[in-house]
């Protein structure tokens with residue numbers, strides 16, 4: 498997604514972590530929890546993608562976390578209205594909101610979107626959508642132990658969705674999936690959330 502966000506509200510406080518500058522109006526306890534988890538997940542990105550070297554060293558990324566969905570949509574110019582969060586690679590920003598999606602969904606959203614920010618900044622700005630999204634969902638499904646993340650777990654929910662999509666012939670042809678552009682990927686997600694969900698789940702399964 499390439500867009501330039503408008504200026505954020507002046508009353509957002511800024512929390513500096515090992516890897517992030519978090520601009521937020523979330524309550525302090527939740528913001529601190531998210532900051533700790535994001536730093537731990539960043540370390541997982543770096544460890545599991547260490548083949549790309551240590552170019553991540555010293556990088557600090559900006560993240561905007563809003564309590565209200567309306568503030569998030571205003572900040573992102575109403576892009577991807579059905580999303581709980583977004584990565585804006587053109588300005589190297591992640592944005593997300595709490596509101597009615599709840600804390601657990603926000604945590605998973607950040608594990609997902611912060612991977613895009615990491616990958617686009619430090620690996621390749623033009624990763625194929627199926628790979629970019631599939632890996633992001635893999636990290637999204639990471640299980641927090643209180644100190645670090647367990648990764649590579651096979652989500653029973655995702656397996657059930659995959660089996661349903663197979664049974665109902667909803668999976669995307671493999672060659673078509675590999676060739677999907679980011680524009681087409683986002684257009685499908687915006688137009689039909691069910692088809693968009695199939696895209697993400699299939700990409701996760703492929704990865």
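Residue numbers (the numbering used here): 498 to 704. C-beta: ideal position from N, C-alpha, C; glycine also.
Which class does residue i belong to by DSSP, given the choice of helix, strand or coil?
| i | result |
| --- | --- |
| residue 644 | coil |
| residue 637 | helix |
| residue 574 | coil |
| residue 650 | coil |
| residue 510 | strand |
| residue 516 | coil |
| residue 564 | coil |
| residue 591 | strand |
| residue 559 | strand |
| residue 581 | coil |
Once you ignore the five residues that flank residue i on each side, which residues in its own chain have a CB closer than 8 Å to its CB?
| i | result |
| --- | --- |
| residue 541 | 636, 639, 645, 646 and 648 |
| residue 662 | 668, 695, 698 and 699 |
| residue 652 | 638 |
| residue 600 | 527 |
| residue 579 | 686, 687, 690 and 693 |
| residue 684 | none |
Taking Cβ to Cβ, would you say residue i is nearer than 9 Å to residue j?
| i | j | result |
| --- | --- | --- |
| residue 696 | residue 682 | yes |
| residue 667 | residue 692 | yes |
| residue 532 | residue 519 | yes |
| residue 631 | residue 606 | no |
| residue 534 | residue 641 | yes |
| residue 575 | residue 614 | no |
| residue 677 | residue 625 | yes |
| residue 529 | residue 510 | no |
Got a sec? Which residues, its chain only, sit under 6 Å from residue i by beta carbon, not counting five neighbours each side?
| i | result |
| --- | --- |
| residue 594 | 563, 566 and 569 |
| residue 617 | 586 |
| residue 539 | 516 |
| residue 658 | 698 |
| residue 704 | 631, 632 and 635 |
| residue 596 | 565 and 566 |
Going by C-alpha distance, which of the options is nearest residue i?
| i | options | result |
| --- | --- | --- |
| residue 670 | 523, 643 and 627 | 627 |
| residue 558 | 547, 701, 512 and 674 | 512 |
Excluding the five sequence neighbours on either side, which residues of its own chain have a C-beta within less than 7 Å of the C-beta of residue i, listed in chain order?
| i | result |
| --- | --- |
| residue 598 | 581 |
| residue 608 | 538, 636, 637 and 639 |
| residue 633 | 609, 612 and 613 |
| residue 733 | Nothing in the structure corresponds to residue 733, since the chain is present only between 498 and 704. |
Give the C-beta separation of residue i and residue j to the nearest angstrom, bearing in mind that I take them to be a contact with Cβ-Cβ under 8 Å.
| i | j | result |
| --- | --- | --- |
| residue 561 | residue 572 | 6 Å |
| residue 556 | residue 619 | 7 Å |
Any chance the CB of residue i is under 8 Å from a heavy atom of the ligand NAP?
| i | result |
| --- | --- |
| residue 652 | Among the ligands in the structure shown, none appear at all, so the ligand NAP cannot be discussed. |
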